[in-house]
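Residue numbers (our numbering): 19 to 798.
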């Protein structure tokens, strides 16, 4: 088995080839290891999402419990009310719960049901409450902590979650009976547009990783070629030489696999402490899918061998230490152009994706991969063509250009990752811009008039006025549109049971509040108004069916009879004025009966809800938290929502978050890859740099030359990326039957590329200064 012996010899050169062999192997292992670690993280995403969803489903209320008929009081049943809140941009989820028996159900991750005034919290929430950062939240949750929620009851280690025990919660106060936990999730349908978007995101994030691994395998290529030339001198033929080179690459890639696995395992232990955009993960969730892990383990060494053999085809290794790049043969353009053109053709052949059409992911992924790999293949030819005719200029520029003219391959490989990443990012940005409006929906709300909306069905009657005044007295609050609301019905029941009883809303507030809800003109306490909707005569007539001036109306908070609910009669004043309704900050037209407090005392209402729309002074620190604290003191279950002008589809928002997380990891890898490649190129030129310094070349001159050697390929790469990214983006938007809305989205990405040039150059300067020392002239 000659080929096995040759591979083994290559492995021995890599493992026991002295300091130079170890250095090359170490660089390759680090480069491959970084890529492998990121691939293992990517292969863990399916398991992470499955585990996260499973924990969320396990703590969700059981389906039977949602049905009032089957939710009967028992020894294990629990009354609970949602007490979710928000703190400085972070969601704080939780419930107030009351046991109805001796053995109440406990949520997943909770060992013991909390007693009255006690609270079980997530570890992250416990840490926050114990810190100075959580001072205001501590006022909102002033309960005694008796335990922590285990991992089984949390979506992530950074989740803020709590359960509070109560002995006063009732169904009348908003409590809902719970008889079990856990649901069987139904498959969630994903829009075909989002499917295409997810496919492209995966391709864009993973292709640069593959390119980086292929680049890392070729680290130290010039020194390797000189070693192989020595082997030719002692009698090895071309095939043996290539097999020995493949053995070296195989060893480096296998060590890289081990390094990547070690980085993944070590990094996984600390992943729970890392939070990006309010997202984190448990270490156990980062478990690669077995088949994906096997694919990585097999594909990386195989790719390393194939890349090395392909690289050796362009090199003639001759005896006597002569290495000649096969005749200086010009790189051919035609086959490099075929790859991205074929990718665009594959994408175009799939046709447009319909709104309800199933999506075949393979041609879309394959086409995108061909386009991006094709751009990486075009880059060496374009860099070579760009520097070929460059002449003159300052000395650093001449040194850089001459080096690129002699060998631009290594520099091109170093920036191929950022080229592909920027091209993919440009296409994705165009795609997001084209489809964004489809997933954004205008709410009609006006955040300039109010930033928060609160309501409570528990606070009524006598407490309503105090609630509104409490909000007005809250630090940072500028104005409150506070109302007490119920329904007014026409007395009596319809003769025909199928007929709907005339009903309209009744809103009580002071004159300032009512002026925000309707065009009432002059107002004084004791006035009553009948507000008609604008441009809706049918609805206005329906209001008048109930709001008959000088006649009685029946007041109740429900449309129909509710067991235990009491109603009362109230006479609508004959002098009540008819006005036109306006929209409140929530965008709702507030028609119906509008009454001042002097006309109808809210304390006499049988059952009503208190609503407050609050405008804050955003210059006051933590004004929003003071509002939420006031709401929690009044009613822990009071709903506090933010007034927003538009909402974003949840699935679309999740995809955006995933893109941000993946892009952060890929960008970090690209920066590291450029740095490692730059350091490897400097190491290869150690003797040359020392010679230049010995001849009197200034260190600053060499520093600038290194900058230009990095900048020229990056600039060419960015131009390729922008052109290729725009082309890919146009095809993808056509596939989704959209039009391109933004053509200049590549400008920030070009800025990122420029920033990477500066960062890589600065980080490589310490090694550059060290390599310029005179001992670099020594040779053996």
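Don't be surprised by glycine CBs; every beta carbon is placed ideally from N, CA and C.
Residue environment for residue 653: buried (at least 16 other C-beta atoms within 10 angstroms of its C-beta). C-alpha of residue 202 to C-alpha of residue 126: approximately 15 angstroms in a straight line. With contacts defined as CB atoms closer than 8 angstroms, residue 786 and residue 710 fail to qualify as a contacting pair.
Straight through space, the alpha carbons of residue 438 and residue 300 are spaced by roughly 31 angstroms. Within the same chain, and ignoring the five residues on either side of residue 614 in sequence, the residues whose Cβ sits closer than 8 angstroms to its Cβ are 526, 527, 528, 529, 532, 541, 542, 543, 544, 545, 546.
Around the beta carbon of residue 602, 16 or more other beta carbons lie within 10 angstroms, which makes this residue buried. When DSSP states are grouped into helix, strand and coil, residue 473 belongs to the strand group. By the C-beta density criterion, residue 607 is buried, having at least 16 other C-beta atoms within 10 angstroms. Going by C-alpha positions, residue 561 is about 12 angstroms away from residue 599.
For the pair of segments examined, the stretch 725-741 was found not to touch the stretch 349-362: the number of CB pairs separated by less than 8 angstroms stays below three. One thing to note: residue 163 has its Cβ no nearer than 8 angstroms to the Cβ of residue 182.
Judged by DSSP secondary structure, residue 527 falls outside any beta strand (DSSP E); it is assigned neither H nor E. Residue 512 carries a coil assignment under DSSP once its states are collapsed to helix, strand and coil.
Taking 8 angstroms as the cut-off, the Cβ atoms of residue 104 and residue 646 count as close.
Following the DSSP letters along the chain, one finds residue 380 inside the alpha helix (DSSP H) bounded by residues 379-406. Using a 10 angstroms sphere on the CB of residue 616, the tally of other CB atoms stays under 16, which defines it as exposed. Residue nearest to residue 158 within the set 67, 166, 135, 175 is 135 (criterion: CA-CA distance).
The Cβ-Cβ distance between residue 612 and residue 571 does not fall below 8 angstroms. By the Cβ criterion, the stretch 173-182 is in contact with the stretch 108-127, since at least three pairs of Cβ atoms, one from each stretch, lie closer than 8 angstroms. Ranking 58, 474, 761, 133 by CA distance to the CA of residue 448 puts 761 first. Within the same chain, Cβ atoms closer than 8 angstroms to the Cβ of residue 170 are found at 73, 76, 126, 127, the five residues on either side in sequence being excluded. Here the C-alpha atom of residue 505 lies approximately 53 angstroms from the C-alpha atom of residue 220.
The closest CA to that of residue 593, considering only 565, 274, 106, is found on 565. Per the Cβ contact rule, the stretch 186-202 is not in contact with the stretch 397-414 (fewer than 3 Cβ pairs under 8 angstroms). Residue burial annotation: residue 266 is buried, with at least 16 other C-beta atoms found within 10 angstroms of its C-beta. Distances from the CA of residue 361 to each of 472, 367, 388, 23 were compared; the closest alpha carbon is that of 388.
The stretch 591-643 contains, as complete beta strand (DSSP E) runs of 3+ residues, the segments 595-599, 610-613, 627-634 (chain order).
By the 16-neighbour rule on beta-carbons within 10 angstroms, residue 743 is buried. In this structure, 442 is the residue among 120, 595, 442 with its C-alpha nearest to the C-alpha of residue 224.
Following the DSSP letters along the chain, one finds residue 547 inside the beta strand (DSSP E) bounded by residues 546-550. In this structure the stretch 363-373 does not lie against the stretch 409-426, because fewer than three pairs of beta carbons, one per stretch, are closer than 8 angstroms.
In terms of Cβ geometry, residue 627 and residue 466 do not form a close pair [threshold 8 angstroms]. Residue 444 is positioned such that its CB atom lies no closer than 8 angstroms to that of residue 275. A distance below 8 angstroms between beta-carbons, with the five flanking residues on each side excluded, links residue 325 to the following residues of its chain, in chain order: 232, 235, 236, 267. Annotated three-state conformation of residue 131 is coil, per DSSP.
Counting only runs of 4+ residues, no alpha helix (DSSP H) is found wholly inside the stretch 157-198.
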